[in-house]
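Chains as they are written, first to last, in UniProt numbering: chain A, 1 to 262; chain B, 1 to 286; chain C, 1 to 268. Yeah, the Cβ is synthetic: ideal placement off N, Cα and C, and Gly gets one too. Keep in mind it's a predicted model, so treat the numbers as computed, not measured. Inspection log for the structure reproduced underneath, given as structure tokens.
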């Protein structure tokens, strides 16, 4: 369980707080989506959750232990992350080398590594690309490899920081489907950062951010039932929600139901 | 008018890395329209648009722009002439910013193609304003702007060269929803208000449906289908065979046809759908 | 044009040569380079050429393709050849142009030296064409392992090399994209005055640096959160295995050296 209590953070060169009194609670095994436009503070929140930010006001605790400068590394050890630009997170020169990178750092014996690399590549459906160089893969494939690399250490928490925003529609669908499968199978806590409201429908809870503040939080239903708050915070409503709100005065998420009601 | 005859494009000819990106492309682009180009990654559409302003030369065949012919043997001298008539906004154009100030960067292109300083500045101001970049930002470093702003400055850098035709390659990739709408509206305006011919490469079927007049579908280095946007993007069988999806508005309109909702011309955007459906519903209720 | 440069490129394959341990391939290449300097006659050079042709075939590479790749350094070959033709004296005088002469020794030495250069380039090309950069790095890391004792940061240098290799294709793509984007803005370093050309260069280098720094920054974060620690101990995913085929290859190379010594001894 991750708990943030009144966390405020300012970058050195900025007057405005990048995080402004943020409080939230992420239960183990939950899928949390953090939604916001560019500059809303969601990337700063990710850095905080990864233990990269050093000094902030307020408290952060993980599984009941307060995060301090001394124990940051230890507490964030079981966190893995997938970044926005797949090209900038590859360390290995081939797919298998990249997946093995974190394991090498953890001094996992080679025999175990071989097994883990194959297992996670199988899990993301990229086993046949084991020997490939990352530069020859499509964006969606690269992100699937990045997810495999993140899963190699069997993390408690998997953070995806706008992992789909640079992909084509097919790549987006593949990555989203894969995250669903991972969440279902491994019960990993998922923190999914996005500016696309159509990608949050599987979450247990959604947090809407703007100007460093949490503007709305709740279940997917709650979020979709507040279209005006979403629009006020520079987000674009999913097609079904926009139409049902305008024509039926209610929020309908399912396309089939929308067609029935119209 | 842009005309393409039997265009073939081969990378790394006669090496083990040889790759045929375009086979036999024949098509035309009528002026003053918004032309959409769709197709999966690797279908050849990126290669194709680079041939349109001579960034790549044909392996065989030709591209005819007005009275200029680009073929295998076209010399570098001709390139300037082509770049004065066709502009190209690449994917992630903010990666091309390099000058100390926004104004200098936007004026770089026009000065290069021989536009005089005064006109260049005027063009720059015109397009920066159109893109919503405030005058107070003109002397700022482009690297201090936000991602969305950088994208707009980069686009202004192409537009201020004032070509008749502008190619946009995935202009909204990576943008947040609000900037996405702003950029698409700008492209629409460039055509409807400023008379530019637009060639738009996009993965976004909804954008293509809402904003374009014609569509060309690329697959495996060929154009497999082309025509008016409404005809092509309502053709479910065709799109399914290409592994593409119907635009959401087109799908909903189609699914409501059986109830008698069958407007002509059909709604092209979510907002259009809402107002058309609302009207139809109230007239229906009476 | 650039796409024809072969040195440093890798073509995946499953030949015996591909499967050799990178350490033995590096060692074999070095051995061959020494052996090349043993050649001093038609018989010895022809032996070496035949050997290289056989290796090329075994590695599944096209000979024509290999020689196409040599075209780019043709100037170097011609220059070397001409230098010897004009400067080396001896044998019969073939041409007497007054202030210069061309003598038979000059022609023969010219041919030999050019052949020697060609053999050296070809064999290095074969090494990189059949060994992936990551294997080469790993092979070198292992071979230089003893240097660790005198405090040389072998693993860190290897990590740097492997990351550089990993980013070369990405940065090449990036460079090409930026050049194209700036060309579309009418920028050209082939035309205009010195000032325009200089600005055209800046318009490519500045974006390239900006993007490289951004990538480096993100990569550093990615490596950090993935637990990389310069001082930390690591295990290795890649295993180098010296197989019997490696030993056989080394023996063949020694036999080749012996053959050359033999040919020289009987005066061929």
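- Residue contact with chain B for residue 37 of chain A: present (Cβ-Cβ distance below 7 Å to some residue of chain B).
- Among the residues facing chain A, residue 22 of chain C is not included, as its CB has no counterpart in that chain under 7 Å away.
- Residues of the stretch 168-183 of chain C with a C-beta less than 7 Å from any C-beta of chain B: 177, 178, 180, 181, 182 and 183, listed in chain order.
- For residue 82 of chain A, the uninterrupted beta strand (DSSP E) run begins and ends at 79-82, by DSSP.
- Scanning chain B for C-beta atoms nearer than 9 Å to the C-beta of residue 239 of chain A yields 206, 248, 249, 252 and 270, reported in chain order.
- Its Cα nearest to that of residue 67 of chain B, the residue B:3 stands out among B:32, B:33, B:60 and B:3.
- Contact annotation for residue 169 of chain A against chain B: 203 [CB-CB distance below 7 Å, chain order].
- Bridge partners of residue 230 of chain C according to DSSP: none are assigned.
- Against residue 105 of chain A, the close residues of chain C are 226, 227, 228, 229, 232 and 234, in the order they occur along the chain (beta-carbon pairs closer than 8 Å).
- Taking 7 Å as the CB threshold, residue 110 of chain B stays off the interface with chain A.
- In this structure, DSSP gives residue 157 of chain A an extended state, which the three-state scheme calls strand.
- Interface annotation, residue 49 of chain B: not in contact with chain C, CB-CB separation never under 7 Å.
- By the rule that beta-carbons nearer than 7 Å mark a contact, residue 100 of chain A touches chain C.
- Look at residue 211 of chain A here: in three-state DSSP terms it is coil, with no helix or strand label.
- Each of B:255, B:20, B:280 and B:250 was checked against the Cα of residue 268 of chain B, and the nearest Cα belongs to B:250.
- For residue 6 of chain B, there is no enclosing alpha helix (DSSP H); the residue is found in the beta strand (DSSP E) stretching over 2-11.
- Between residue 128 of chain B and the set B:117, B:114 and B:102, the nearest pair of CA atoms involves B:102.
- Within chain B, the residues placing a beta-carbon under 7 Å from that of residue 202 of chain C are 98, ordered along the chain.
- Taking a Cβ-Cβ cut-off of 8 Å, the neighbours of residue 93 of chain B in chain C comprise 181, given in sequence order.
- CA-to-CA, the gap between residue 153 of chain C and residue 163 of chain C works out to about 16 Å.
- Separation of residue 98 of chain C and residue 90 of chain C (C-alpha to C-alpha, rounded to the nearest whole angstrom) is 17 Å.
- The alpha-carbon separation between residue 270 of chain B and residue 164 of chain A amounts to approximately 24 Å.
- In the DSSP assignment, residue 135 of chain A falls outside any beta strand (DSSP E), carrying neither H nor E.
- By a beta-carbon distance limit of 8 Å, residue 70 of chain B contacts residue 82 of chain B. Their separation comes to about 7 Å.
- Taking the Cα positions, residue 120 of chain A is about 26 Å away from residue 41 of chain B.
- With a beta-carbon spacing of about 19 Å, residue 253 of chain C and residue 115 of chain C fall beyond the 8 Å limit used to define contacts.
- Under the three-pair Cβ rule at 8 Å, the stretch 232-252 of chain A does not count as touching the stretch 50-59 of chain A.
- Across the set A:230, A:236 and A:225, the C-alpha of A:225 shows the shortest separation from the C-alpha of residue 248 of chain A.
- Counting C-beta atoms within 10 angstroms of its own C-beta, residue 123 of chain B has 16 or more neighbours from the protein chains shown and is therefore classed as buried.
- Ranked by Cα distance from residue 82 of chain A, the options A:95, A:143, A:34 and A:22 are led by A:143.
- For residue 87 of chain B against residue 190 of chain B, the beta-carbon gap comes to about 10 Å, at or over 8 Å, which does not count as contact.
- In terms of Cα proximity to residue 125 of chain C, the closest of C:55, C:265 and C:218 is C:55.
- Note on geometry: alpha-carbon atoms of residue 45 of chain B and residue 29 of chain B lie some 15 Å from one another.
- Spatial neighbours of residue 133 of chain C in its own chain (CB-CB distance under 7 Å, excluding positions within 5 residues in sequence) are listed in chain order as 10 and 165.
- A residue is called buried once 16 or more other Cβ atoms fall within 10 Å of its Cβ, and residue 126 of chain A is buried on that count.
- Look at the beta carbons and you see the stretch 138-153 of chain A not touching the stretch 47-54 of chain B: under three pairs across the two are nearer than 8 Å.
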